[in-house]
Amino acid sequence: MTQRAVLLVNLGSPDNPDVPSVRRYLNQFLMDPYVIQLPWLMRRLIVSLFVLPSRPKASAEAYQSVWTEDGSPLIALSEKLHKAVQQQVDMPVELAMRYGNPSIEAGLLKLAKISGIKEVLFVPLYPHFADSTVTTCIETAKQVITQHKLDITLTIKSPFYQEAGYINALVEQTRPYLMEEYDHLLFSYHGLPESHILKRDPSGQHCLKHADCCTTPHAAHATCYRHQVMATTAAFAEKAKLEPDSYSVAFQSRLGRAKWLGPNTEDRLIELAQNGTKNVLVMCPAFVTDCLETLEEIAIRAEEVFIEAGGRSLALIPCLNDDPVWVDLLAQWCEAP
Ligand SMILES: C=CC1=C(C)c2cc3[nH]c(cc4nc(cc5[nH]c(cc1n2)c(C)c5CCC(=O)O)C(CCC(=O)O)=C4C)c(C)c3C=C
Ligand SMILES: [Fe+2]
Ligand SMILES: [Fe+2]
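Under the working numbering, think of the first position of the sequence shown as 138, with each following residue one higher.
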């Protein structure tokens with residue numbers, strides 16, 4: 138019997154698309170000190186005064202527009218992925234969410250109870266490093282292990298933003314869309330406040346200090362989300378043989394008043410439409426499963442913005458979800474991360 142088990146970890150969704158459930162979810166999410174990186178009292182005030190009074194209603198409506206018979210798309214698709222991986226490997230695999238359910242605590246307790254399990258391969262389902270995604274789920278897992286005195290070690294899968302297997306899976310998944318006619322391919326990555334990147338630059342003098350910082354080799358790139366998404370884009374463009382002017386990068390899902398990475402996806406789509414681009418393809422490689430941010434923000438809202446600005450069609454390329462090439466890659470990592 139193997140000593141290893143696997144925990145796949147994604148972000149999580151509200152339990153239901155109603156206002157109270159979304160409020161609970163947003164409160165847990167935004168009170169996370171890795172997400173809003175301010176002292177507790179300031180975070181509490183911002184979340185209570187500026188987010189919780191109005192956002193749960195708007196977000197609940199957005200969730201309702203994409204909710205499925207099986208629940209939230211992010212959870213339902215992550216469960217399909219989990220099942221497909223479990224079928225390929227001879228070790229226990231569980232799925233957990235950083236916010237909402239099933240929790241990281243429940244997943245680790247379940248795995249730790251299985252006789253003979255000594256090591257958990259912990260796989261954050263994010264290709265790129267960010268404290269607000271990767272660090273927070275790792276720290277939560279460590280707390281659970283300490284709190285419950287679990288006799289297991291964690292092996293953590295590193296961000297895989299430029300691993301050949303991941304780029305290959307993305308290119309294979311995207312190929313049918315690239316073979317259709319289109320004018321421009323937009324890589325829309327989830328955004329991040331610039332302060333999160335600056336805080337992680339060990340030199341304090343590299344990240345976001347000059348225009349080509351992300352393509353100039355530097356130790357900061359181990360934790361630089363912007364460098365990592367640029368590296369994914371470059372590796373994808375090379376493997377898919379994209380023409381240099383046929384694609385660009387933008388950042389979506391901005392929240393609040395702080396300065397976030399740019400350009401903003403909606404602004405970029407307006408610019409493309411105004412410059413005569415008619416048919417745009419959008420892919421979102423920061424997400425491995427489709428979710429609110431791809432299905433509602435891009436496929437519904439961004440499409441409206443693009444068409445209103447003069448574009449003709451916007452097609453969202455699905456995330457990897459339970460694509461067989463991606464499932465095979467995860468199964469390989471289970472055996473040898
Ligand atoms: C892909 C990686 C993600 C990063 C980096 C990230 C940072 C980040 N997000 C918020 C605020 C919100 N994000 C929300 C939804 C959401 N975010 C991600 C992924 C990343 N977030 C996913 C996969 C989802 C979808 C969840 C789902 O149920 O489908 C939301 C909730 C929805 C809404 O009200 O808009 C918020 C809020 C911040 C502040 C942040 C970095 C600081
Ligand atoms: Fe950079
Ligand atoms: Fe987010």
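Quick reminder that beta carbons are idealized off the backbone N, C-alpha and C, glycines included.
Residue i, DSSP secondary structure in three states
| i | result |
| --- | --- |
| Q365 | helix |
| P154 | coil |
| V172 | coil |
| N147 | strand |
| T292 | strand |
| A142 | strand |
| P330 | strand |
| N412 | coil |
| H358 | helix |
| S185 | helix |
| A372 | helix |
| L167 | helix |
| P339 | coil |
| V281 | helix |
| C344 | coil |
| L178 | helix |
| R298 | The sequence given here has Tyr at residue 298, not Arg. DSSP places Y298 in coil when its eight states are reduced to three. |
| R160 | helix |
| L406 | helix |
| T426 | coil |
| E445 | helix |
beta-carbon residue i near ligand 2 non-hydrogen atom, thresh 7 Å
| i | result |
| --- | --- |
| R363 | yes |
| C351 | yes |
| C274 | no |
| L345 | yes |
Residue range of the unbroken alpha helix (DSSP H) whose run includes residue i
| i | result |
| --- | --- |
| S202 | 192–203 |
| H321 | Per DSSP, H321 belongs to no alpha helix (DSSP H); it is in the beta strand (DSSP E), 321–327. |
| A306 | 301–315 |
| L429 | 429–432 |
| I437 | No alpha helix (DSSP H) contains I437, which DSSP labels as neither H nor E. |
| D465 | 461–472 |
Ligand 3 heavy atom lying under 7 Å from the CB of residue i
| i | result |
| --- | --- |
| S390 | yes |
| H333 | no |
| H265 | no |
| H327 | yes |
Endpoints, beta strand (DSSP E) assigned at residue i
| i | result |
| --- | --- |
| A233 | 230–234 |
| F388 | 384–389 |
Beta-bridge partners of residue i, as assigned by DSSP
| i | result |
| --- | --- |
| K452 | It is Ala, not Lys, that sits at residue 452 in the sequence shown. Partner(s): L418. |
| N401 | F388 |
Heavy atom of ligand 1 within 7 Å of residue i beta-carbon
| i | result |
| --- | --- |
| S269 | yes |
| P330 | yes |
| L379 | no |
| E430 | yes |
| D192 | The sequence as given places Arg at residue 192; Asp does not occur at that position. Within the cutoff, so yes. |
| A103 | In the structure as shown, the chain begins at 138 and stops at 474. Residue 103 is therefore absent and cannot be evaluated. |
Check: residue i C-beta below 7 Å from any heavy atom of ligand 4
| i | result |
| --- | --- |
| L466 | Judged by which ligands are present, ligand 4 is missing from the structure shown, whose ligands are ligand 1, ligand 2 and ligand 3. |
Chain C within 8 Å of residue i, Cβ atoms only
| i | result |
| --- | --- |
| S191 | Checking the listed chains, one finds no chain C in this structure; it contains a single protein chain. |
**Message:** Just to confirm the assignment: which complete beta strand (DSSP E) runs, minimum length 3, are found wholly within the stretch 204–277?
**Reply:** Fully enclosed beta strand (DSSP E) runs of 3 or longer: 230–234, 256–261.
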